[in-house]
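Asks:
Protein chains in written order, with my numbering: chain V, 1 to 239; chain W, 1001 to 1263.
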């Protein structure tokens, strides 16, 4: 069963081709890392996956729902962490999360218990009433990850979620999301340009200049080489 | 409560929470019309004589005349400021969060409109209260009758801001909106002078004022403040509101991809 399926997806900004006939599937409960240098098309792909804009060509299915035909059903199944922070800095963690829960139709006691569970899972329970502005970068990101779990999605989309974080926070967040995929069977698409965030048993999708160069398990693809070296070699070949 | 109403409630509440946090914005929104009322109107009182015209049944001072226009000014500036915050939101990402909610996009945009209008109405009433404190009072029933007029005007101007925000590429372009939308809309309207006064200097300017939806919104407010109903003004304001809202929905349509300019 596939959690996320993308078929022949292309997108252009005017004459510039940002995505060129991209197709891949991510199995339910799999952690897939979308690795690509800056400008590879990762953010465009995320905008299409979250329907911020729609592609004229290609098909996207999220947990079996076609994003073009049943956008609401598909969007209800995804949890997103955007590259740019999307928290209201002047509101508390709880208020930010309550707002998000309501956008997904959850309110009152049901919303509160889900928010508490999500914060607990990310180790943020004791910060629920702190103002987001007072949190450090790592805790803000954790808040955003907790937020995207509230409505029990089946697919998580994270667009370079560790950008700007220190090494310890980066590792903690990467491990957390790997755990989420393993423990509760979430399908994860994790966009990054940092190879140390990817484990050998993760699914690896290498995107370069809008095209999918490789698709397989990270350990199999890299062979004896460190992943960083493998990645640099493969992208250099395409220059 | 259904999903759509839960979301509406949350979006309005969030706008209110943000507003409470930004007290400077509240003071600024209030100071602008008060300066017009207490300084500009006082200065022009002698220069601009006003004859009796509906809804006024007697001679009025210039301060009394411009109160509805200044209520409109609050709604106009707020509608545009809300568009500024949408551009800012879009850059900062929280607009992304809103637009990825599993609800129809037109509903999400409408919720934002209702939220910003609610805040505008609050400010307009505060302005009316301060004006009353300075002795510029309306009939008591007018303060109730004006509520729907303020709501329709707020929605219409908010929808215009929303439509503009889908077209603005950068935050800096807001200065352009100020010069090319807010000022012409305000000055080429019946907010500061009645149509007949405008006609004395130029019939072309009078005609422009007559088709400006902001003029009709101001007249809707003016009549409502005196407990009177102006069907023509309501029709124009509502029609403009619908057109602006449809433009906004079109601008934010995912297939149109206007958001993509922001990447």
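Built from N, CA and C at the ideal position, the CB exists for glycine as well.
Can you list, in chain order, the stretches of the beta strand (DSSP E) that have 3 or more residues and sit fully within the segment 153–211 of chain V?
Replies: List check, beta strand (DSSP E) in window: 155–159, 187–192 and 203–208.
Asks: Between which two residues does the alpha helix (DSSP H) harbouring residue 143 (chain V) extend?
Replies: For this step, residue 143 (chain V) is matched to residue 143 along the first chain. Start and end: 137–147.
Asks: Can you check which of these residues, V:55, V:11, V:27 and V:69, is closest to residue 41 (chain V) by C-alpha distance?
Replies: Within the first chain, residue 41 (chain V) is the residue found at index 41, counting from 1. The shortest C-alpha separation from residue 41 (chain V) is found at V:11.
Asks: Run down chain W in chain order and give the residues with a C-beta less than 7 Å from the C-beta of residue 104 (chain V).
Replies: One-based indexing of the first chain puts residue 104 (chain V) at position 104. Per Cβ cutoff of 7 Å: 1101 and 1102.
Asks: Apply the 10 Å Cβ neighbour rule to residue 1083 (chain W) and answer buried if 16 or more other Cβ atoms are within range, or exposed otherwise.
Replies: Translated into the one-based positions of the second chain, residue 1083 (chain W) becomes position 83. Looking at its Cβ environment, which holds 16 or more other Cβ atoms inside 10 Å, residue 1083 (chain W) is buried.
Asks: Apart from the five residues on each side of it in sequence, which residues of its chain come closer than 6 Å, Cβ to Cβ, to residue 169 (chain V)?
Replies: Mapped onto the first chain, residue 169 (chain V) falls at position 169. The residues are 138.
Asks: Listed in chain order, which residues of the segment 1058–1086 of chain W have Cβ atoms closer than 9 Å to some Cβ of chain V?
Replies: The residues in question: there are none.
Asks: Output the distance between the C-alpha atoms of residue 1073 (chain W) and residue 1186 (chain W), rounded to the nearest integer angstrom.
Replies: Position 73 of the second chain, counting from 1, holds the residue named residue 1073 (chain W). Position 186 of the second chain, counting from 1, holds the residue named residue 1186 (chain W). If I take the Cα positions, the gap works out to 7 Å.
Asks: Mapping the DSSP letters down to three states, classify residue 1060 (chain W) as helix, strand or coil.
Replies: As a first step, residue 1060 (chain W) must be located in the second chain, where it is residue number 60. In the structure shown, residue 1060 (chain W) sits in coil (DSSP, three-state: anything other than H, G, I, E or B).
Asks: Look at the alpha carbon of residue 178 (chain V) and the alpha carbon of residue 31 (chain V), and state the distance between them as a whole number of angstroms.
Replies: Here residue 178 (chain V) refers to the residue found at position 178 of the first chain. Here residue 31 (chain V) refers to the residue found at position 31 of the first chain. Answer to the nearest angstrom: the Cα atoms are 7 Å apart.
Asks: Show which residues of chain W have a CB atom less than 7 Å away from the CB atom of residue 163 (chain V).
Replies: Looking up residue 163 (chain V) in the first chain gives position 163. In chain order: nothing, as chain W lies at least about 13 Å away.
Asks: Taking only the alpha-carbon atoms, compute the straight-line gap between residue 229 (chain V) and residue 112 (chain V) and give it to the nearest angstrom.
Replies: Walking along the first chain from the start, residue 229 (chain V) turns up at place 229. Walking along the first chain from the start, residue 112 (chain V) turns up at place 112. Computed Cα separation, rounded: 46 Å.
Asks: At a CB-CB cut-off below 8 Å, which residues of chain W make contact with residue 76 (chain V)?
Replies: As a first step, residue 76 (chain V) is located in the first chain; it is residue number 76 there, counting from the start. Per Cβ cutoff of 8 Å: 1102.
Asks: With three or more beta-carbon pairs closer than 8 Å as the criterion, would you say the segment 1141–1154 of chain W touches the segment 1115–1122 of chain W?
Replies: Verdict: yes, contact present.
Asks: With distances taken between CB atoms, is the gap from residue 196 (chain V) to residue 227 (chain V) smaller than 9 Å?
Replies: In the first chain, the residue the question calls residue 196 (chain V) occupies position 196. In the first chain, the residue the question calls residue 227 (chain V) occupies position 227. It is a contact, given that the beta carbons lie within the stated cut-off.
Asks: The segment 182–215 of chain V: which residues have C-beta closer than 9 Å to a C-beta of chain W, in chain order?
Replies: Residues passing the 9 Å Cβ filter: none.
Asks: According to DSSP, is residue 106 (chain V) part of a helix, a strand, or is it coil?
Replies: What you label residue 106 (chain V) is simply residue 106 of the first chain in a count that begins at 1. Here residue 106 (chain V) sits in coil by DSSP.
Asks: What number of angstroms, rounded off, separates the C-alpha of residue 190 (chain V) from the C-alpha of residue 34 (chain V)?
Replies: Numbered from its first residue, the first chain carries residue 190 (chain V) at position 190. Numbered from its first residue, the first chain carries residue 34 (chain V) at position 34. Straight-line Cα distance between these residues: approximately 6 Å.
Asks: Name the residues in the segment 1151–1170 of chain W whose C-beta lies less than 7 Å from a C-beta of chain V; which are they?
Replies: The residues in question: there are none.
Asks: Who are the Cβ neighbours of residue 1017 (chain W) in its own chain at under 6 Å, not counting the five residues just before and after it?
Replies: Against the second chain, residue 1017 (chain W) aligns to sequence position 17. Correct list: empty, nothing qualifies.
Asks: So residue 1011 (chain W) and residue 1191 (chain W) are in contact, right, with Cβ under 8 Å, and what is the actual spacing, rounded?
Replies: By 1-based counting over the second chain, the position of residue 1011 (chain W) is 11. By 1-based counting over the second chain, the position of residue 1191 (chain W) is 191. Contact doesn't hold; Cβ gap of about 29 Å is too wide.
Asks: Starting from the C-beta of residue 1250 (chain W), find all residues in its chain whose C-beta is less than 7 Å away, skip the five residues before and the five after it, and write them out in chain order.
Replies: Taking the second chain and counting its residues from 1, the one referred to as residue 1250 (chain W) is at position 250. Cβ neighbours of residue 1250 (chain W) beyond the five flanking positions: 1256.
Asks: List, in order along the chain, the chain W residues whose C-beta lies closer than 9 Å to that of residue 91 (chain V)?
Replies: Sequence index remark: in the first chain, residue 91 (chain V) carries index 91 (1-based). By Cβ distance, chain W contributes 1014, 1017, 1018 and 1021.
Asks: If the cut-off is 8 Å on Cβ atoms, which residues from the segment 60–73 of chain V count as contacting chain W, listed in chain order?
Replies: Flagged, chain order: 71, 72 and 73.
Asks: Compute the beta-carbon to beta-carbon distance between residue 79 (chain V) and residue 7 (chain V), rounded to the nearest angstrom, for a pair I have assumed lies under 8 Å.
Replies: The residue given as residue 79 (chain V) occupies position 79 in the first chain. The residue given as residue 7 (chain V) occupies position 7 in the first chain. So it is not a contact: roughly 22 Å between Cβ atoms.
Asks: Using a Cβ cut-off of 8 Å, pull out every chain V residue sitting near residue 1006 (chain W), in sequence order please.
Replies: Within the second chain, residue 1006 (chain W) is the residue found at index 6, counting from 1. What residue 1006 (chain W) touches in chain V: 102, 105, 106 and 107.
Asks: Run through chain W and tell me which residues come within less than 7 Å of residue 80 (chain V), C-beta to C-beta.
Replies: Walking along the first chain from the start, residue 80 (chain V) turns up at place 80. Ordered by position in chain W, the residues that pass the 7 Å Cβ test against residue 80 (chain V) are 1100.
Asks: Let me confirm a value: residue 1228 (chain W) is counted as buried when at least 16 other C-beta atoms fall within 10 Å, else exposed. Which label applies?
Replies: Taking the first residue of the second chain as position 1, residue 1228 (chain W) is located at position 228. With fewer than 16 other Cβ atoms within 10 Å, it is exposed.
Asks: Taking Cβ-Cβ distances below 8 Å as the criterion, which residues of the segment 39–56 of chain V are in contact with chain W?
Replies: Per Cβ criterion, the list reads 43, 44, 47, 50, 51, 52, 53, 54 and 56.
Asks: Quick one: what's residue 65 (chain V) bridged to in DSSP?
Replies: Here residue 65 (chain V) refers to the residue found at position 65 of the first chain. In DSSP, residue 65 (chain V) forms a bridge with V:62.
Asks: Run through DSSP, which three-state label would residue 53 (chain V) get?
Replies: What you label residue 53 (chain V) is simply residue 53 of the first chain in a count that begins at 1. It is coil, neither helix nor strand.
Asks: Please confirm if the segment 117–136 of chain V is in contact with the segment 88–97 of chain V, defined as three or more CB-CB distances below 8 Å between the two stretches.
Replies: Because the criterion of three Cβ pairs below 8 Å is met, the segment 117–136 of chain V and the segment 88–97 of chain V touch.
Asks: Would residue 1097 (chain W) count as contacting chain V if we go by Cβ distances under 9 Å?
Replies: Along the second chain, read from residue 1 onward, the residue named residue 1097 (chain W) stands at position 97. For residue 1097 (chain W), the answer is yes, since a Cβ of chain V falls inside 9 Å of its Cβ.
Asks: Are the CB atoms of residue 1113 (chain W) and residue 1245 (chain W) nearer to each other than 9 Å?
Replies: For this step, residue 1113 (chain W) is matched to residue 113 along the second chain. For this step, residue 1245 (chain W) is matched to residue 245 along the second chain. For residue 1113 (chain W) and residue 1245 (chain W), yes; Cβs fall inside 9 Å.
Asks: Give the residues from the segment 1210–1231 of chain W that approach chain A closer than 7 Å (Cβ to any Cβ), ordered along the chain.
Replies: The structure shown contains no chain A; its protein chains are V and W.
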